[in-house]
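Engineer:
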Amino acid sequence: CWEEGIPLLLELMKRYRLQVFNYKKLSESHRQLAIFYENILKGERYKHEYFRVGFYGHGLPLFVRNKVFIYRGLEYESIPAFTQRLQAEFPHAKLLSHNTPPDDVTRSADEQFIQICAVKPLAEPRSEFDGVEVDERILKYYNNNQIKKFILDRPVHRGQIDKDNEFKNLWIERIIYTTECELPGILKWFEVSEQVTEQVCPPKYACETVQINIQQIRHMTAHYKSNPKVNIVGKYRFK
Numbered sequence: 001c002w003e004e005g006i007p008l009l010l011e012l013m014k015r016y017r018l019q020v021f022n023y024k025k026l027s028e029s030h031r032q033l034a035i036f037y038e039n040i041l042k043g044e045r046y047k048h049e050y051f052r053v054g055f056y057g058h059g060l061p062l063f064v065r066n067k068v069f070i071y072r073g074l075e076y077e078s079i080p081a082f083t084q085r086l087q088a089e090f091p092h093a094k095l096l097s098h099n100t101p102p103d104d105v106t107r108s109a110d111e112q113f114i115q116i117c118a119v120k121p122l123a124e125p126r127s128e129f130d131g132v133e134v135d136e137r138i139l140k141y142y143n144n145n146q147i148k149k150f151i152l153d154r155p156v157h158r159g160q161i162d163k164d165n166e167f168k169n170l171w172i173e174r175i176i177y178t179t180e181c182e183l184p185g186i187l188k189w190f191e192v193s194e195q196v197t198e199q200v201c202p203p204k205y206a207c208e209t210v211q212i213n214i215q216q217i218r219h220m221t222a223h224y225k226s227n228p229k230v231n232i233v234g235k236y237r238f239k
């Protein structure tokens, strides 16, 4: 990706300018650097989904047995496509249809079980962006890359369900997973090293949903201002 290539190119330019004095290569590198920056603002981004995968049962190999991993999907890979690809790697495993923690019977069985669900990347605040209004097209990369934390939201009704407003008592059980290393990395998956559960009340979740939609509109506006000929239909979904 362009963001990862920029530091390498800058280091190469420093060598051309201060060590080997190759101004021809230096000028070419400046042009390439300009292309990288322009691509960040105008280029098409390929979205990668992330998936939480739990492997349960004593029938599985030791290196995955009763462990949880976060996988980075392929470009535009949906959860059905990812599930099919993973089942091809573990053809004898049974797929758990729920996303709640499995019981001890499942964990200790001599069979193989796989539990798959989509998670959302949770980007850490970046110190270089503090106090600066950063273009949404720049932030888009960091919202989906160099990630160690991921969120799984599960709706939970508290108390009696209001038939006139089912969202009134709808809380969110939020699990935050932390992986051993950032994704993407050397591997396309890493084991979960820590998980924390918190409860999100209905008003807070509603505010978060509005904020997500506002951010999507900003992404959409910035992208299509730079690429006015691109078809907008079907590109974005709002909650």
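By full-length UniProt numbering, the letter at position 157 of the sequence shown is numbered 157, and the numbering carries on one by one without gaps. For every residue, glycine included, the Cβ atom is placed at its ideal position computed from N, Cα and C.
If I'm right that residue 197 touches residue 173 with Cβ under 8 Å, what's the distance once you round it to whole angstroms?
Structural biologist: 7 Å
Engineer: According to the Cβ coordinates, are residue 122 and residue 176 closer than 8 Å?
Structural biologist: yes
Engineer: Can you give me the C-alpha to C-alpha distance between residue 199 and residue 208, rounded to a whole angstrom?
Structural biologist: 14 Å
Engineer: Does the region 102 to 122 come close enough to the region 143 to 155 to have 3 or more Cβ pairs within less than 8 Å?
Structural biologist: Verdict: yes, contact present.
Engineer: Is it the case that the Cβ atoms of residue 89 and residue 219 are separated by a distance below 8 Å?
Structural biologist: no
Engineer: Using only the alpha-carbon positions, how far apart do residue 41 and residue 188 sit?
Structural biologist: 26 Å
Engineer: Relative to the C-alpha of residue 158, which residue among 83, 202, 109, 225 is closest?
Structural biologist: 202
Engineer: Which residue from 45, 10, 64 puts its Cα closest to that of residue 224?
Structural biologist: 45
Engineer: Can you tell me whether residue 30 is helix, strand or coil according to DSSP?
Structural biologist: helix
Engineer: What distance in whole Å lies between the Cβ atoms of residue 79 and residue 116, which are believed to be in contact at a cut-off of 8 Å?
Structural biologist: Yes, residue 116 and residue 79 are in contact; Cβ-Cβ is about 7 Å, under 8 Å.
Engineer: Just to confirm my understanding: we take residue 145, look at its own chain, exclude 5 residues before and 5 after, and list those with CB closer than 6 Å. What are they?
Structural biologist: Answer for residue 145: no residue qualifies.
Engineer: Can you check whether the CB of residue 52 is closer than 8 Å to the CB of residue 184?
Structural biologist: No. Outside cutoff.
Engineer: Do the CB positions of residue 29 and residue 12 come within less than 8 Å of each other?
Structural biologist: yes
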